[in-house]
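S.K.: Take a look at the following structure, please.
Protein chains: 2
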Amino acid sequence: MESFLENEIRVVSIKEEVLADNKNAADAMRDSLSEKGTLMANVMGSPGAGKTELILGLLDRLPSNVSRGVIEGDIASTVDSQKMMEKGVDVVQLRTGGACHIDIPMVEQALDGFDGEHDFVVIENVGNLVCPAEFDTGAHFSMMLLSVPEGWDKVLKYPLMFTVSDALVITKCDLLPFFEDFNLCSLREQAKALNPSIEIFEVSSKNGDGLNELTEWVVAHGIRGIA
Amino acid sequence: MESFLENEIRVVSIKEEVLADNKNAADAMRDSLSEKGTLMANVMGSPGAGKTELILGLLDRLPSNVSRGVIEGDIASTVDSQKMMEKGVDVVQLRTGGACHIDIPMVEQALDGFDGEHDFVVIENVGNLVCPAEFDTGAHFSMMLLSVPEGWDKVLKYPLMFTVSDALVITKCDLLPFFEDFNLCSLREQAKALNPSIEIFEVSSKNGDGLNELTEWVVAHGIRGIA
Chain A
-1 MESFLENEIR
9 VVSIKEEVLA
19 DNKNAADAMR
29 DSLSEKGTLM
39 ANVMGSPGAG
49 KTELILGLLD
59 RLPSNVSRGV
69 IEGDIASTVD
79 SQKMMEKGVD
89 VVQLRTGGAC
99 HIDIPMVEQA
109 LDGFDGEHDF
119 VVIENVGNLV
129 CPAEFDTGAH
139 FSMMLLSVPE
149 GWDKVLKYPL
159 MFTVSDALVI
169 TKCDLLPFFE
179 DFNLCSLREQ
189 AKALNPSIEI
199 FEVSSKNGDG
209 LNELTEWVVA
219 HGIRGIA
Chain B
-1 MESFLENEIR
9 VVSIKEEVLA
19 DNKNAADAMR
29 DSLSEKGTLM
39 ANVMGSPGAG
49 KTELILGLLD
59 RLPSNVSRGV
69 IEGDIASTVD
79 SQKMMEKGVD
89 VVQLRTGGAC
99 HIDIPMVEQA
109 LDGFDGEHDF
119 VVIENVGNLV
129 CPAEFDTGAH
139 FSMMLLSVPE
149 GWDKVLKYPL
159 MFTVSDALVI
169 TKCDLLPFFE
179 DFNLCSLREQ
189 AKALNPSIEI
199 FEVSSKNGDG
209 LNELTEWVVA
219 HGIRGIA
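These protein sequence lines map, in sequence, to chains A and B. Per this note's numbering, the first sequence starts with residue -1, numbered consecutively. Per this note's numbering, the second sequence starts with residue -1, numbered consecutively.
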């Protein structure tokens, strides 16, 4: 540990041991899924960021011939799985029993839980802006959600999440008129400064704004059955 | 790992090893703080739940003779510490370097970072509804924040946080008119069912509603210099 002054603020830095890297297993899973013709997406965000609603909105916009499955990561409940089932989505619930993220062994278990292969699988990760960023899930791409009510100043606070995500999806944009402090411009600037290749979408699952654009970007990763 | 059917949802349960228990060290810290006449509070909540604003609102309402310090837990930035400093609050920033929670060794370092003893110390934990619940910080009591925009259905999803907290502070209540789905009654019911002794407060840091009541509850834990 080191203690030093930075901009007059006393900072105590704590170096954590690097968490177990499951990158090799993740690469193997990605290859295996690609061979089977399955595209897998990883959706991350805080509790209440709107992950479940966004996934439902995305799935609604895919052609009906695309078979789809959802892996619900949740610490304890089956609340989100029930929402998915009500919409007729094939879902496997991963009850992590306290774990704050999803890793490869969990994803393997979940994939085995489906009755067959799917063209498109979405992982709804545990609601958490911290830990899920550290564990490669074996997905082909990752989206992080940041909802307008959470505030725009999250890039500097949770940098790893912005670094590892392929897309930043700003959710609940219908609420922007009520959050005058939400600095969309600075959020975009800071996110791009940290991760220049990150795609940024502004959406509202409530009124559907931006969902078609996001769906097009998802589909562009290549889903079997979509020309 | 076990796989079974529950309400027709396929559930894969994953038992995690119990995370390192620092309970003994926490008890020792509580005793040591009590001997010195310091009351310490632990504030937890998701990113954007309004932790920093709530702490500032609480400190504002304490008599000026109460010396106070804030320990800012943050993964990477000093954004919140800067806000505290601007308000003249004695603050020590804990940069956790990726760690998703604050534990006793970190709190010890932070307390050493203050120039002297304080009557009241507040820990602003890392923005996370999961991991901080697992680590006793050595504080005398814990408050968890849940903001209205996050949604009311968090008790079943993040039960440990509700179990270990002495108070549930529902923040951003000025936004309730815009969140008609927010089921305050069910949230109260579920929280009390899980943790019958939890105190529940409805506040708005924006307009100050509920902050006096919360401050009274905090003060009732015993702060030196307040009769």
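Beta carbons: idealized from backbone N, C-alpha and C, even for Gly.
Cβ closer than 7 angstroms: which chain B residues qualify as neighbours of A/G226?
M.R.: Because chain A spans -1 through 225 in this model, residue 226 of chain A falls outside it and cannot be assessed.
S.K.: Grab me the residues of B/V217's own chain with a C-beta within less than 8 angstroms of its C-beta, minus the 5 sequence neighbours each way, in chain order.
M.R.: Listed in chain order, the non-local C-beta contacts of B/V217 below 8 angstroms within the same chain comprise L60 and I224, local neighbours out to five positions each way being set aside.
S.K.: Output needed for A/F118: all residues of its chain with C-beta closer than 6 angstroms, excluding positions within five of it in sequence on either side, in chain order.
M.R.: The beta carbon of A/F118 sits closer than 6 angstroms to those of L37, V64, R66 and I221, all from its chain and outside the five residues before and after it, given in chain order.
S.K.: Beta-carbon within less than 6 angstroms of A/I100's beta-carbon, same chain only, minus the 5 sequence neighbours each way: which residues are those?
M.R.: G71, N123 and T135
S.K.: With DSSP as the reference, label B/D186 as helix, strand or coil.
M.R.: Before going further, note that residue 186 of chain B is Arg rather than Asp in the sequence given. In the structure shown, B/R186 sits in a helix (DSSP, three-state: H, G or I).
S.K.: Enumerate in chain order the residues of its own chain whose CB-to-CB distance from B/K21 is below 6 angstroms, with the five nearest sequence positions on each side excluded.
M.R.: D134
S.K.: Please list, in chain order, the residues of the segment 93 to 108 of chain B that have any C-beta partner in chain A closer than 7 angstroms.
M.R.: R93, T94, G95, G96, A97, C98, M104, Q107 and A108
S.K.: Does A/N40 come out as helix, strand or coil in the three-state DSSP assignment?
M.R.: strand
S.K.: Name, please, each residue of chain A whose Cβ falls closer than 9 angstroms to the Cβ of B/V77.
M.R.: D151, L154 and K155
S.K.: Sort A/D88, A/V146 and A/V87 by Cα distance to A/F177 and report the nearest one.
M.R.: A/V146
S.K.: Who are the neighbours of B/F180 on chain D, taking C-beta pairs under 9 angstroms?
M.R.: This model lacks chain D altogether; the protein chains it does include are A and B.
S.K.: Under the three-state reduction of DSSP, which class applies to A/D207: helix, strand or coil?
M.R.: coil
S.K.: With distances taken Cα to Cα, identify the nearest neighbour of A/K190 among A/K204, A/A165 and A/E211.
M.R.: A/A165
S.K.: Step through the CB atoms of chain A and report whether any lies within less than 8 angstroms of the CB of B/S163.
M.R.: no
S.K.: Whose Cβ in chain A lies nearer than 7 angstroms to the Cβ of B/A74?
M.R.: Chain A residues near B/A74: L154, K155 and P157.
S.K.: From this set, A/D207, A/S62 and A/L158, which residue's C-alpha is nearest A/H116's C-alpha?
M.R.: Taking only the C-alpha atoms, the option nearest A/H116 is A/S62.
S.K.: Identify whether A/V128 lies in helix, strand or coil by the three-state DSSP scheme.
M.R.: coil
S.K.: Any residues in the segment 120 to 132 of chain A with a beta carbon nearer than 8 angstroms to a beta carbon of chain B? Which ones, in chain order?
M.R.: V124, G125, N126, L127, V128, C129 and E132
S.K.: Under a CB-based cut-off of 8 angstroms, is B/F199 close to chain A?
M.R.: Chain A, which has no Cβ nearer than 8 angstroms to the Cβ of B/F199, makes this no.
S.K.: Looking only at DSSP bridge pairs, what is B/E244 linked to?
M.R.: As shown, chain B starts at -1 and ends at 225. That puts residue 244 of chain B outside it, with no answer to give.
S.K.: Would you mind reading off the limits of the beta strand (DSSP E) that contains A/L143?
M.R.: F139 to S145
S.K.: Please tell me whether B/L185 and B/V153 are closer than 8 angstroms, where the distance is taken between their beta carbons.
M.R.: Yes, these two residues count as a Cβ contact at 8 angstroms.
S.K.: Indicate whether the contact test is met: 3 or more Cβ pairs, each with one atom in the segment 41 to 54 of chain A and one in the segment 74 to 90 of chain A, closer than 8 angstroms.
M.R.: yes
S.K.: With DSSP run on the structure shown, which of helix, strand or coil describes A/E200?
M.R.: strand
S.K.: With DSSP as the reference, please indicate the residues paired to B/T169 in a beta bridge.
M.R.: B/S145
S.K.: In this structure, how does DSSP classify B/W215 when only helix, strand and coil are distinguished?
M.R.: helix
S.K.: With a threshold of 8 angstroms between beta-carbons, can B/F160 be considered close to chain A, or not?
M.R.: For B/F160, the closest Cβ of chain A is not nearer than 8 angstroms.
S.K.: Measuring alpha carbon to alpha carbon, tell me which residue in A/E214, A/L209, A/H219 and A/W215 is nearest A/G48.
M.R.: Nearest C-alpha to A/G48: A/L209.
S.K.: Helix, strand or coil for A/R222, going by three-state DSSP, please let me know.
M.R.: coil
S.K.: Note down the Cα distance separating A/L229 from A/S79, rounded to an integer number of angstroms.
M.R.: Summary: the structure shown does not reach residue 229 of chain A, with chain A confined to residues -1 through 225, and so no result is reported for it.
S.K.: Beta-carbon separation of B/P157 and B/L182 under 8 angstroms?
M.R.: no
S.K.: Starting from A/K81, follow the alpha helix (DSSP H) in both directions and report where the run begins and ends.
M.R.: V77 to E84
S.K.: Report the three-state DSSP secondary structure of B/L60 (helix, strand or coil).
M.R.: coil
S.K.: Between which two residues does the alpha helix (DSSP H) holding B/T135 run?
M.R.: First-last for B/T135: undefined, no H or E at that position.
S.K.: Counting only the same chain and skipping the five closest in sequence on each side, list residues whose C-beta sits under 6 angstroms from that of B/T213.
M.R.: L56 and R59
S.K.: Pull up the distance between the alpha-carbon of A/P175 and that of A/F199, whole angstroms please.
M.R.: Looking at the two C-alpha atoms, the distance is approximately 18 angstroms.
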